[in-house]
Amino acid sequence: MALFLDKSTDFGVVATYHRIESVSFSKKDQSVIILICSYLNQDVAATKKPVSMLPIKLESNYSITSEQAYQYIKTLPEFEGAEDC
Numbered sequence: 004m005a006l007f008l009d010k011s012t013d014f015g016v017v018a019t020y021h022r023i024e025s026v027s028f029s030k031k032d033q034s035v036i037i038l039i040c041s042y043l044n045q046d047v048a049a050t051k052k053p054v055s056m057l058p059i060k061l062e063s064n065y066s067i068t069s070e071q072a073y074q075y076i077k078t079l080p081e082f083e084g085a086e087d088c
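Counting in my numbering, the sequence shown runs from 4 upward without gaps.
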């Protein structure tokens with residue numbers, strides 16, 4: 004699973020394909036860290052060379068699945084309008 008969305012990166016390029024690279028749970032901090040890798044497009048994602056990596060911290064006392072992480076990401080302003088692919 005991944006998300007399609009035209010999103011400008013800090014490097015001035017537009018990434019269109021965004022995929023969760025990892026979801027980790029910290030029992031100590033009671034949080035979940037979702038690492039999103041952004042790629043120019045889906046074909047480039049196959050090379051595993053992202054143009055941007057964005058960690059997102061979610062306060063939570065339990066781990067979440069990748070599906071739940073994607074649903075959460077789509078509620079964030081910077082991913083508004085993202086579509087599943």
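No residue lacks a Cβ here, since even glycine has one placed at the ideal position from N, Cα and C.
Given the structure is predicted, the values throughout are model-derived calculations rather than measurements.
Could you please give me the residues that DSSP links to Ser-29 through a beta bridge?
Its beta-bridge partners are Ser-34.
Can you say whether Leu-80 is buried or exposed, counting buried as having 16 or more other CB atoms within 10 angstroms of its CB?
Correcting the residue identity first, residue 80 is Pro in this sequence and not Leu. Result: exposed.
Rank Ser-25, Ala-49, Phe-7 and Val-47 by C-alpha distance to the C-alpha of Leu-38 and give the top, closest one.
Here the closest residue by C-alpha is Ser-25.
Between which two residues does the beta strand (DSSP E) containing Ile-59 stretch?
Looking at the DSSP string, the run of the beta strand (DSSP E) that includes Ile-59 is 55-62.
Taking the beta strand (DSSP E) that Ser-11 falls in, what are its first and last residues?
Element bounds for Ser-11: 6-11.
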